[in-house]
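Residue numbers (the working numbering): 516 to 804.
From the three backbone atoms N, C-alpha and C, an ideal C-beta is built for every residue, glycine too.
Notes to accompany the following structure.
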């Protein structure tokens, strides 16, 4: 059976990202994936969902009896032009026309368009959206930091034991410079402890603050497709315990930031949870040392 055109373009993007995450080829293929997602979604109905999330409204795309994951109405735009303006600004290394909210909206729209499309094309496929989101976030991070990442790091080499820790992405900016450990997930849910556990391993082997933990997540929404209701599943109390007793994560970024996690910025111990667009504007403060 011939693959859907969107999945064909995604396969090409995945192959390219295995070679180089950021560059002319990956930029062109990302543009094609986003364009194809918008073409697929353009004529589909968009039923509103019953939002159980205070202050947020959600809808979904529908194809026959299938509905996609929840999409934040305030964040979503189907404007390909917005992405192309951002791309041009990136090529000039000048984001002066973009504030953090606008960057977050563009990136959210791109990521959720592909994920929602796959929801409707392939039944029960969580792997494809998750892998796409990893490459997607790492593409923008690689542009900003100027290096390609690795997917594992050595944590033990003694008495003949050579152990490596598989990670999503590690960005090494060079000697005497900060290194970034970047787990990338469409949601954290019950796996959130792994964000802190991996950071604890890196701190124990390489020293505190050598690697800066910067997880990036898409959202924490869950949709009851029968009732067409959407909720956010968050574990702020557990996060505080992890931050106190396991390791310190310096930043956690979201494209659809849950209010329950945003409040952690003001509580003890502080956990800096921010919209992903803010990373691009605070990069100068994060990168030294």
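CA-to-CA distance, residue 520 to residue 532, given in whole angstroms: 19 Å
If we call anything under 8 Å between Cβ atoms a contact, is residue 577 one with residue 559? yes
What separation, rounded to the nearest whole angstrom, lies between the Cα atoms of residue 765 and residue 542? 29 Å
How about residue 655 and residue 626: do their beta carbons lie closer than 8 Å? no
Secondary structure of residue 737, DSSP reduced to three states: strand
Residue 726 lies in the beta strand (DSSP E); which residues open and close that run? 726–728
Determine the DSSP secondary structure at residue 698, reduced to helix, strand or coil. coil
Hey, residue 734 and residue 710: beta-carbon distance below 8 Å or not? no
When we look at the beta-carbon of residue 729 and count the other beta-carbons within 10 Å, is it buried (16 or more) or exposed? buried
Outcome for residue 714 when other beta-carbon atoms lying within 10 angstroms are tallied against a minimum of 16: buried
Under a three-way DSSP split, which group does residue 569 fall into? coil
Span of the alpha helix (DSSP H) around residue 781: No alpha helix (DSSP H) contains residue 781, which DSSP labels as neither H nor E.
Closer than 8 Å to chain B by CB, residue 527: In summary, chain B is missing from the structure at hand, where a single protein chain is found.
With contact counted as at least three CB pairs below 8 Å, one residue from each stretch, are the region 599–616 and the region 773–783 in contact? no
Using 10 angstroms around the beta-carbon of residue 524, count the other beta-carbons present and answer buried if the total reaches 16, otherwise exposed. buried
Contact check, residue 585 vs residue 738 under 8 Å by CB: the rounded distance? 5 Å
Just to check my reading of the structure: residue 707 and residue 753 have Cβ atoms closer than 8 Å, yes? What is that Cβ distance to the nearest angstrom? 7 Å
Beta carbon of residue 589 nearer than 8 Å to that of residue 571: yes
How is residue 683 classed by DSSP in three states: helix, strand or coil? strand
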